[in-house]
Amino acid sequence: MRSLYDVPQIRAAEEQLLAVVPDGALMAQAAAGLARRCADLLGRVYGARVVLLVGSGNNGGDALYAGALLARRGAAVQAVVVGQTPHVGGLAALRSAGGRVVTETESAVAAADLVIDGLVGIGATGALREPAATLARLLAGSQAVVVAVDVPSGVDASSGEVHGDAVRADVTVTFGGLKAGLLVSPGAGFAGLVELVQIGLDLPEPAVTALDAADVAALLPTPTGEASKYTRGVVGVVTGSQQYTGAAVLSTGGALRAGAGMVRFVGVPHASDQVRARWPEVVVTEVVAGDDGQIADPARIVDAGRVQAWAFGSGHGRGSIGVAETLLGTDLPVLVDADALTALADRHALLRRSAGTLITPHAGEFARLMHTDRDDVEAHRLSWARRAADELGVTVLLKGSTTVVADPDGRTAVNTTATAWLGTAGSGDVLSGVCGSLLAQGLSPFDAGRVGAFLHGLAGQLASHGAPLVAADLLDVWPDVERTVRAVVA
395 MRSLYDVPQI RAAEEQLLAV VPDGALMAQA AAGLARRCAD LLGRVYGARV VLLVGSGNNG
455 GDALYAGALL ARRGAAVQAV VVGQTPHVGG LAALRSAGGR VVTETESAVA AADLVIDGLV
515 GIGATGALRE PAATLARLLA GSQAVVVAVD VPSGVDASSG EVHGDAVRAD VTVTFGGLKA
575 GLLVSPGAGF AGLVELVQIG LDLPEPAVTA LDAADVAALL PTPTGEASKY TRGVVGVVTG
635 SQQYTGAAVL STGGALRAGA GMVRFVGVPH ASDQVRARWP EVVVTEVVAG DDGQIADPAR
695 IVDAGRVQAW AFGSGHGRGS IGVAETLLGT DLPVLVDADA LTALADRHAL LRRSAGTLIT
755 PHAGEFARLM HTDRDDVEAH RLSWARRAAD ELGVTVLLKG STTVVADPDG RTAVNTTATA
815 WLGTAGSGDV LSGVCGSLLA QGLSPFDAGR VGAFLHGLAG QLASHGAPLV AADLLDVWPD
875 VERTVRAVVA
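In this note's numbering, each residue's number is its place in the sequence shown (first place is 1) plus 394.
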């Protein structure tokens with residue numbers, strides 16, 4: 395499991411270590427790790443042209459000392475100093491090694507093979523001020539490899555928020571512990587490849603976690619010799635409508651592929667016909683459709699038979715409040731997706747229940763549910779997911795380029811397996827079925843959300859191979875995804 399920290403946690407751990415190590419030892423260790431990675435990226439250090447963008451903080455000092463190390467290996471190192479108080483020792487080291495300070499920024503960056511961004515540190519918040527903002531824009535047009543020191547300047551290290559201009563790095567070399575903002579959008583899109591240099595910090599429990607394959611394998615339910623379709627979990631899927639039949643087929647397929655012993659589908663005639671045709675394994679209960687093409691009498695849903703969890707909302711349209719009242723009124727875990735969340739925008743009380751609840755909105759659905767702006771949700775993914783989990787008392791899986799899973803107990807996870815090719819119609823329907831299936835198999839809403847997101851992202855990678863995919867492709871590759879993950883601990 396990857397542990398991600400916020401700035402106060404990192405700062406506190408640094409202060410503890412600084413109290414017991416020689417002055418300058420941590421910066422020397424960080425600079426050495428930074429210089430090694432830069433040398434790897436350059437390939438041939440001798441004669442390479444390196445530009446340092448140096449602010450007044452410790453990140454600027456790291457950049458100067460790393461530049462000095464590269465200069466001693468024959469690189470032509472130039473520093474552009476921003477601010478009035480660059481690190482004195484670092485500046486002296488650079489000059490002693492043959493590096494120099496320049497003022498012709500544009501020509502230096504244009505000629506550079508590699509640029510080291512040390513403009514601001516992890517404690518910086520808000521928009522970059524001038525001249526740092528101009529330098530960030532200048533780098534956007536550069537052909538040089540850009541390496542950020544600890545965090546790209548302009549990215550909030552704790553949250554991933556970006557206010558205005560920011561440096562877009564190819565590689566971020568971060569020290570002591572992974573910062574959450576490097577793996578959460580929009581900051582993740584500026585960080586590039588993130589590499590950790592350990593400097594001996596004693597860190598607390600992480601603010602955010604990210605599962606790896608071994609974690610997922612350990613959490614996935616595995617049937618025993620006495621397993622039956624009932625003991626492996628029965629999930630009820632209430633999705634689709636007369637108009638949106640694809641949602642029914644895809645969410646039901648996700649529930650099947652994710653390992654539930656039985657899937658009960660409840661839906662209107664046209665959707666039910668499509669599910670029967672595609673998934674003969676599913677037990678289908680057909681209910682009457684109303685004039686709007688949706689379930690006319692939601693109370694009939696619970697007559698379908700015993701289940702361990704419900705998943706609903708995909709393809710329902712916005713008139714699904716009756717279904718929400720019925721299913722959220724049970725004492726079973728429930729997953730709520732898609733337009734059903736919009737229907738609940740003014741009925742938050744229905745979500746406050748004793749049984750586990752997992753909601754799986756994209757940013758637009760989330761914004762309607764929480765009466766806010768979609769762009770604001772995208773810009774503040776961590777804080778909004780945590781706020782909604784706390785206020786609504788549900789586990790929130792906020793889908794997007796970085797999927798965030800937040801639990802009412804304060805735990806937060808991010809998923810790192812996603813691919814942009816998953817931004818296709820029906821992909822979220824598959825995910826809702828998968829997570830509903832995991833709920834029925836006994837996973838908590840938090841674990842069902844983060845395991846489901848990991849597998850869904852991995853399926854996207856496997857199905858796309860760098861090319862467009864359709865949602866049904868995720869179902870085709872799902873067995874290979876689970877075999878790959880389970881093999882990690884086999």
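From the three backbone atoms N, C-alpha and C, an ideal C-beta is built for every residue, glycine too. No experiment lies behind these values; they were computed from the predicted model shown.
Check residue i in the structure and name its three-state DSSP category.
i, result
"residue 715", "helix"
"residue 410", "helix"
"residue 590", "strand"
"residue 396", "strand"
"residue 456", "helix"
"residue 695", "helix"
"residue 539", "strand"
"residue 477", "coil"
"residue 470", "strand"
"residue 362", "Residue coverage of the chain in this structure runs from 395 to 884, which leaves residue 362 outside it and unanswerable."
"residue 776", "helix"
"residue 577", "coil"
"residue 690", "coil"
"residue 878", "helix"
"residue 485", "helix"
"residue 401", "helix"
"residue 549", "strand"
"residue 568", "strand"
"residue 703", "strand"
"residue 786", "helix"
"residue 512", "strand"
"residue 496", "coil"
"residue 503", "helix"
Within the same chain, show all residues whose beta-carbon is closer than 6 Å to that of residue i, passing over the 5 residues directly before and after it, in chain order.
i, result
"residue 795", "579"
"residue 694", "681"
"residue 771", "757, 760, 761 and 778"
"residue 609", "395"
"residue 791", "754, 799 and 843"
"residue 731", "707, 708, 754 and 826"
"residue 868", "824, 853 and 857"
Looking only at C-alpha atoms, which of the options sits nearest to residue i?
i, options, result
"residue 666", "635, 756 and 513", "635"
"residue 628", "649, 494, 819 and 598", "649"
"residue 567", "546, 727 and 559", "546"
"residue 691", "661, 678 and 671", "661"
"residue 605", "828, 489, 475 and 396", "396"
"residue 687", "730, 637 and 720", "637"
"residue 885", "531, 535 and 536", "Residue 885 lies beyond the stretch modelled for the chain, which goes from 395 to 884, so this question has no answer here."
"residue 655", "412, 684, 622 and 723", "622"
"residue 422", "845, 399 and 462", "462"
"residue 709", "671, 777 and 639", "639"
"residue 602", "807, 701, 776 and 538", "807"
"residue 589", "597, 577 and 595", "577"
"residue 433", "492, 535, 539 and 534", "539"
"residue 389", "425, 465, 500 and 882", "This structure gives no information on residue 389, because the portion of the chain shown stretches from 395 to 884."
"residue 564", "510, 645 and 573", "510"
"residue 544", "831, 516, 535 and 550", "516"
"residue 841", "751, 862, 881 and 820", "751"
"residue 805", "664, 600, 823 and 451", "600"
"residue 450", "416, 526, 505 and 418", "526"
"residue 847", "862, 724, 872 and 722", "872"
"residue 866", "597, 673 and 478", "673"
Quick one: does the C-beta of residue i sit closer than 8 Å to a heavy atom of the ligand NAP?
i, result
"residue 616", "With respect to small molecules bound, the structure shown includes none, and the ligand NAP cannot be examined in it."
Can you list, in chain order, the residues of its chain whose CB lies under 7 Å from that of residue i, leaving out five sequence neighbours each side?
i, result
"residue 468", "439, 440 and 441"
"residue 448", "454, 457, 458, 473, 474, 475, 476, 480 and 512"
"residue 787", "745, 746 and 802"
"residue 594", "411"
Using C-beta distances below 8 Å, list every residue in its chain close to residue i, excluding the 5 sequence neighbours before and after it, in chain order.
i, result
"residue 507", "436, 442, 443, 444, 538 and 539"
"residue 500", "532"
"residue 875", "849, 852, 853 and 856"
Of all Cβ atoms in chain D, is any one closer than 9 Å to the Cβ of residue i?
i, result
"residue 495", "Considering every chain present, this structure includes no chain D. It has just one protein chain."
Open item on the list: Using 8 Å as the cut-off, can you tell me whether the region 851–861 makes contact with the region 830–839, which would need three or more C-beta pairs spanning the two stretches below that distance?
Closed with: no
Task: Segments of 3+ residues assigned as beta strand (DSSP E) that fall wholly inside the region 600–687 - done: 602–604, 628–632, 656–661 and 677–680
- [ ] Counting only runs of 4+ residues fully inside the region 403–449, write out the alpha helix (DSSP H) ranges in chain order.
- [x] 419–436
- [ ] Give, in chain order, every unbroken run of the beta strand (DSSP E) that is at least 3 residues long and sits entirely within the region 791–871.
- [x] 798–800 and 806–808
Task: Three or more C-beta pairs below 8 Å linking the region 811–821 and the region 855–866 - done: yes
Task: Touch test, the region 512–525 against the region 553–568, Cβ-Cβ under 8 Å, three pairs minimum - done: yes
Open item on the list: Using a Cβ distance threshold of 8 Å, determine whether the region 610–627 contacts the region 422–435, with at least three qualifying pairs required.
Closed with: no
- [ ] Assess, as a yes-or-no matter, whether the region 728–741 is touched by the region 758–768 under the definition of 3 or more beta carbon pairs within less than 8 Å.
- [x] yes
TODO: Quick one: which unbroken beta strand (DSSP E) runs of 3-plus residues sit fully inside the region 722–783? Chain order, please.
DONE: 728–731 and 751–754
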